[in-house]
Amino acid sequence: MTARSEVPDHHAEVLERCHEHIISLGKPVVLSQMLPLFAQAEPQLTREIMSEANRMGVYDQYMIPVFGPFDMNGLIAFGFAEAIPEDSREMRRDLEAAAASHHNQMVRHFVSNETPIELSGRESDVLTWIARGKSKSEISTILSISVSSVDTYTRRIFEKMGVNSRVAAAIAGVTQGLVKP
613 MTARSEVPDH HAEVLERCHE HIISLGKPVV LSQMLPLFAQ AEPQLTREIM SEANRMGVYD
673 QYMIPVFGPF DMNGLIAFGF AEAIPEDSRE MRRDLEAAAA SHHNQMVRHF VSNETPIELS
733 GRESDVLTWI ARGKSKSEIS TILSISVSSV DTYTRRIFEK MGVNSRVAAA IAGVTQGLVK
793 P
């Protein structure tokens with residue numbers, strides 16, 4: 613593992629752009645599958661960065677974007693000494709779970725220093741059912757409220773929590789103790 617301070621500035625800038633691209637994709641990426649794209653955009657720097665990574669024993673990476681409330685988003689990368697096999701679904705799933713768990717712990721640390729989020733009783737109910745995977749029409753039926761009311765509560769939850777998706781709201785809700793298992 614290298615710290616950002618150990619990476620030359622011109623490498624750090626390229627790596628940051630690559631990481632931002634992967635975060636914008638919103639899904640995990642195997643480095644060896646993305647290298648042609650990166651090399652096309654920055655051929656010399658990609659060679660330099662990969663040479664340095666290879667020197668440290670890293671030949672491939674599984675890079676996982678992670679998302680949290682208040683735009684606490686990032687990328688967690690796991691380095692490998694060889695190419696990541698195509699049939700490594702179980703390993704990838706385990707790494708994604710580890711990345712999400714680690715990111716949630718980091719978010720919990722930083723969010724715990726913030727003002728606690730206060731949801732109304734109905735907002736708490738809606739968030740709980742969102743976290744349990746219920747659709748807005750199912751939540752409407754369960755809580756005996758209209759679908760438009762569910763939409764209104766959901767928008768308020770997103771605003772208060774600083775998120776922009778149901779998944780992010782559920783994760784933030786669990787992370788901050790607003791949703792009980």
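Heads up, the sequence shown is in my numbering, so the first residue is 613 and it goes up one at a time.
Built from N, CA and C at the ideal position, the CB exists for glycine as well.
- A distance of 8 Å or more separates the beta carbons of alanine 784 and glycine 669.
- Taking C-alpha positions only, arginine 767 is separated from isoleucine 751 by approximately 14 Å.
- Scanning its chain for C-beta atoms nearer than 7 Å, with the 5 sequence neighbours on each side dropped, one finds around isoleucine 635 the residues Pro677, Asn685 and Leu687, in chain order.
- Taking the C-beta atoms as reference points, glutamate 735 is found no nearer than 8 Å to isoleucine 696.
- The alpha-carbon of histidine 715 is positioned some 17 Å away from that of serine 777.
- Residue burial annotation: alanine 709 is exposed, with fewer than 16 other C-beta atoms found within 10 angstroms of its C-beta.
- Taking a 10 Å sphere around the C-beta of threonine 753, we find fewer than 16 other C-beta atoms and assign the residue as exposed.
- Taking all protein chains in view, the Cβ of leucine 707 is crowded by 16 or more other Cβ atoms within 10 Å, so the residue is classified as buried.
- According to the DSSP assignment, valine 678 belongs to the beta strand (DSSP E) that extends over 672-678.
- The Cβ atoms of tyrosine 674 and valine 642 lie closer than 8 Å to each other.
- Close CB contacts of lysine 748 within its chain, under the 6 Å cut and outside five residues either way in sequence, are with Val759 and Val762 (chain order).
- Here alanine 711 is buried: its Cβ has 16 or more other Cβ atoms, across all protein chains shown, within 10 Å.
- Here valine 779 is exposed, its C-beta having fewer than 16 other C-beta atoms within 10 Å.
- Counting other Cβ atoms within 10 Å of its Cβ, alanine 653 stays below 16 and is therefore classed as exposed.
- Valine 719 is positioned such that its CB atom lies closer than 8 Å to that of threonine 787.
- Residue state for leucine 687 is assigned as strand, using DSSP reduced to three classes.
- For serine 700, no alpha helix (DSSP H) encloses it, and the DSSP letter there is neither H nor E.
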